[in-house]
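Chains as they are written, first to last, in UniProt numbering: chain S, 1 to 587; chain Y, 1 to 288.
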């Protein structure tokens with residue numbers, strides 16, 4: 001018997017699948033059990049097939065598996081879609097009175113529980129509660145205390161009044177009783193409870209909560225799957241802390257709104273998915289070259305173009321690292337778990353202000369739709385530190401003015417980080433522009449100033465590489481010759497895969513990377529391993545390309561970026577200089 | 001805010017590179033006067049500019065300023081104002097920036113009604129790219145990309161603003177320095193989105209919509225005793241009148257509620273604690 005139980009409810013969009021699944025997940029969490037949820041869904045409001053799946057165990061659950069133990073099937077298609085995951089002994093709960101389910105055939109080795117969900121719901125007060133009847137059935141099948149389901153129903157329906165809550169509790173009991181009275185079966189599942197208190201949240205919510213914790217007070221966005229939950233989370237909450245959410249007319253506007261708030265000094269954020277990133281890329285270069293601290297979340301989904309909006313992919317890495325014309329510094333962080341969505345968001349706000357750069361936080365659909373349990377201490381608010389970087393005190397403004405009393409927002413300091421004043425600060429007035437600019441933020445095409453400013457922006461990155469910790473997370477067997485490297489949301493599945501491999505006597509060392517840029521230098525690890533496997537949810541192997549790039553022997557480089565093209569005689573001379581230094585070019 | 005601010009305090013030490021005689025000189029002077037006369041100073045003022053000849057204004061003025069990407073100046077200004085309502089926010093752009101590439105933002109900025117000012121330097125031509133037709137160019141206006149005229153109706157920006165629920169819609173002429181400054185000042189004082197379309201002639205590429213043309217054709221609504229800018233029907237008639245050019249505040253709804261007021265935006269969002277908010281663990285407990 002497995003330590004974990006895999007449960008699902010499936011039907012058509014509009015059947016209340018999500019809401020029912022969440023109620024059950026919450027009940028399990030309240031009972032001190034760990035939960036990891038996933039969704040099968042499509043971009044439609046009605047019809048089709050959608051399912052909410054819950055994996056639960058008393059131990060932390062980090063991934064999904066291809067095994068389904070209890071299925072509440074509201075449609076025939078729900079059974080068909082899950083045949084591969086159902087197994088001998090799986091329980092299928094369905095309503096045989098439903099005309100479309102009358103001919104349902106339960107595969108021989110499985111247990112079909114035909115329960116009149118709708119009729120029982122009507123007995124309890126309304127057909128709308130048929131899913132709750134099914135939850136009562138599931139409690140009986142899994143030997144799960146129905147009182148914990150009550151708690152979850154209270155949380156879900158509490159604001160609708162006592163009678164609604166009581167009706168739902170009654171509906172669940174009618175389902176439970178129907179099974180005990182009509183089926184004489186000893187089910188093999190027994191969900192034990194613990195005294196632990198867990199919180200249950202998804203990656204988008206963790207990003208939103210991280211933002212508020214980090215002092216984010218302004219959010220602008222345009223609804224898009226699977227990033228919308230970030231905006232919905234912040235709406236109604238950020239206001240309590242003096243902040244605001246603006247739903248923009250499009251993503252072009254969203255990033256510019258966020259940029260404006262950031263220029264005014266607010267910790268500011270926008271979140272979107274691939275198609276929105278495409279639009280935001282227009283303004284991204286402006287954010288970066290004006291050295292404006294901004295956090296941009298990309299909750300990735302399958303591309304290109306509209307792609308598969310409700311499906312998983314880690315396909316935007318190259319876009320985030322390189323998107324936009326010209327060259328500008330940006331940081332890219334990729335949280336590896338739902339909890340890391342919180343921590344990396346907090347970190348992103350600090351990095352953005354300390355280095356005055358835009359920071360991408362990239363999660364993905366699988367993190368966004370996963371509700372996962374954690375001990376509340378995982379989100380210890382006392383550990384949140386706010387670092388605002390070189391924000392000049394009003395009394396120190398003068399020190400950063402030139403001899404004409406003009407503030408210098410792009411002053412080329414040694415570490416590349418310039419002083420920053422916020423509007424309203426006396427003596428700090430300055431402009432900045434998407435044109436190449438001088439230290440005063442005014443346009444220039446002067447070749448020397450151009451180089452000075454490009455180098456200054458590059459220097460900030462060098463400073464950050466030196467000052468910050470860009471480490472990876474390490475799991476598995478430290479001494480193993482087999483190295484698995486991955487980034488972002490795959491961490492949980494790989495960690496559990498290591499257990500499977502260990503059962504087969506295979507040891508693996510696993511590096512889970514959340515810093516895409518800047519990132520750890522893995523050259524030594526890669527060279528020391530016999531076998532290196534890079535795991536990522538895309539076709540091209542974008543992170544694998546990066547690692548191969550990082551570990552290549554270096555070529556010598558001649559670069560020019562002062563705005564003037566290469567000249568033949570100059571090039572010949574530079575090549576001679578390179579040759580004179582005697583470096584070997586190996587590749 | 002100091003009371004002794006003069007409009008020249010808003011001038012930077014950079015000399016404009018606009019063509020001699022460009023309407024934008026007058027437009028900018030009026031903006032600076034309006035800011036000074038409404039008690040603002042460079043340190044509490046944020047100017048956002050788009051792309052085009054008009055976009056250079058941030059360089060020639062002295063204040064906090066951002067010169068952004070083409071067509072997106074308005075959302076930047078709205079973001080600034082939302083984050084710190086104490087700031088005076090003025091957004092400047094041209095007819096290409098505001099009514100072509102940025103027209104979507106224009107409509108939504110109007111209906112959002114954030115308490116800020118939007119000044120559009122409308123010269124009915126693309127100047128910086130050296131003379132192509134703009135969204136406000138006449139149907140028969142010959143340019144390098146419209147040898148026989150654009151053959152499409154020009155945008156009526158005032159009508160767009162009215163349709164989008166504008167609460168302050170005005171038009172001025174850069175050459176009528178006093179009236180222009182007065183009108184922009186009224187826009188600044190308006191508790192909501194103050195929109196001023198400024199006829200700001202291009203002396204290099206537009207030989208139709210010239211100083212003489214506007215001087216001869218402009219009718220100042222201020223001189224019409226019968227005209228009441230709070231009267232929506234009168235405003236509609238004036239705005240849809242294609243046979244006349246009007247100067248003045250054409251429509252103003254003084255009863256409207258600004259976005260900042262409607263959304264209770266009063267705090268400077270830059271002020272945050274050194275760590276997570278005191279009661280931040282409540283956010284975690286919500287997930288029990």
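Yeah, the Cβ is synthetic: ideal placement off N, Cα and C, and Gly gets one too.
| Asked | Found |
| --- | --- |
| Along chain S, which residues have their Cβ under 9 Å away from the Cβ of residue 288 of chain Y? | 26, 29, 30, 155, 197, 198, 199, 200, 376 |
| Are there 16 or more other CB atoms within 10 angstroms of the CB of residue 30 of chain S, so buried, or fewer, so exposed? | buried |
| Output the distance between the C-alpha atoms of residue 27 of chain Y and residue 11 of chain Y, rounded to the nearest integer angstrom. | 13 Å |
| Quick check on the DSSP output: the alpha helix (DSSP H) that includes residue 343 of chain S runs from which residue to which? | 338-355 |
| Could you check whether the Cβ of residue 269 of chain Y sits closer than 8 Å to any Cβ belonging to chain S? | yes |
| Using the DSSP secondary-structure output, state which residues sit across from residue 279 of chain Y in a beta bridge. | BP columns for residue 279 of chain Y are empty, so no partner. |
| Mapping DSSP to helix, strand and coil, what is residue 166 of chain Y? | coil |
| So, helix, strand or coil for residue 7 of chain S, using DSSP? | strand |
| Could you list which residues in chain S have their beta carbon closer than 7 Å to that of residue 64 of chain Y, in chain order? | 423, 429, 430 |
| State yes or no: is the beta carbon of residue 444 of chain S nearer than 8 Å to at least one beta carbon in chain Y? | no |
| How should residue 502 of chain S be labelled, buried or exposed, when 16 other C-beta atoms within 10 angstroms of its C-beta is the threshold for buried? | exposed |
| Roughly how many whole angstroms lie between the Cα atoms of residue 182 of chain Y and residue 188 of chain Y? | 10 Å |
| Could you work out which residue in S:141, S:139, S:125, S:118 is closest to residue 131 of chain S when comparing CA atoms only? | S:118 |
| CB-CB under 7 Å to residue 338 of chain S, same chain, minus the five flanking residues each way: which ones, in chain order? | 201, 202, 203, 206, 367, 370, 372 |
| Between residue 80 of chain Y and chain S, is there a C-beta pair that is closer than 8 Å? | yes |
| Could you list which residues in chain Y have their beta carbon closer than 9 Å to that of residue 218 of chain S, in chain order? | 79, 82, 83, 269 |
| Please classify residue 256 of chain S: is it buried, with 16 or more other beta-carbons within 10 angstroms of its beta-carbon, or exposed? | buried |
| Identify the continuous alpha helix (DSSP H) that holds residue 255 of chain S and give its terminal residues. | 251-263 |
| Which partner residues does residue 66 of chain Y have in the DSSP bridge list? | S:432, Y:48 |
| Suppose you measure from the CA of residue 131 of chain Y to the CA of residue 96 of chain Y; what does that come to, to the nearest Å? | 12 Å |
| Short of 6 Å in beta carbon distance, which residues of its chain neighbour residue 140 of chain S, apart from the five on each side in sequence? Order them along the chain. | 176, 179 |
| Answer with yes or no whether the minimum CB distance from residue 14 of chain Y to chain S is below 8 Å. | yes |
| With a CB to CB cut of under 7 Å and the five nearest residues on each side skipped, what residues in its chain are close to residue 402 of chain S? | 408 |
| How big is the Cα-Cα spacing for residue 345 of chain S and residue 233 of chain S? | 14 Å |
| Residue 315 of chain S: which of S:325, S:327, S:334, S:330 sits nearest, CA to CA? | S:334 |
| First and last residue of the alpha helix (DSSP H) that includes residue 183 of chain Y? | 177-189 |
| Measure the C-alpha to C-alpha separation of residue 15 of chain Y and residue 513 of chain S and round it to an integer number of angstroms. | 51 Å |
| Measure the alpha-carbon distance for residue 544 of chain S versus residue 499 of chain S and round it to whole angstroms. | 24 Å |
| Can you name, in chain order, every residue of its own chain whose Cβ lies under 8 Å from the Cβ of residue 35 of chain S, other than the five neighbours on each side? | 25, 28, 29, 54, 55, 56, 61, 198, 200, 371, 372, 373 |
| Given 8 Å as the limit, is there contact between the segment 152-171 of chain Y and the segment 241-261 of chain Y, that is, 3 or more CB pairs closer than that? | yes |
| List in chain order: all unbroken beta strand (DSSP E) runs of 3+ residues lying wholly within the segment 289-313 of chain S. | 294-300 |
| Check whether the Cβ atoms of residue 581 of chain S and residue 550 of chain S sit closer than 8 Å, and answer yes or no. | no |
| Under the three-state reduction of DSSP, which class applies to residue 511 of chain S: helix, strand or coil? | strand |
| Is the distance from the Cβ of residue 281 of chain Y to the Cβ of residue 83 of chain Y below 8 Å? | no |
| Could I get the ranges of all uninterrupted beta strand (DSSP E) runs contained in the segment 53-141 of chain Y, with 3 residues as the minimum, in chain order? | 64-67, 88-94, 116-122 |
| Using a 10 Å radius around the Cβ and a threshold of 16 neighbouring Cβ atoms, would you call residue 277 of chain S buried or exposed? | buried |
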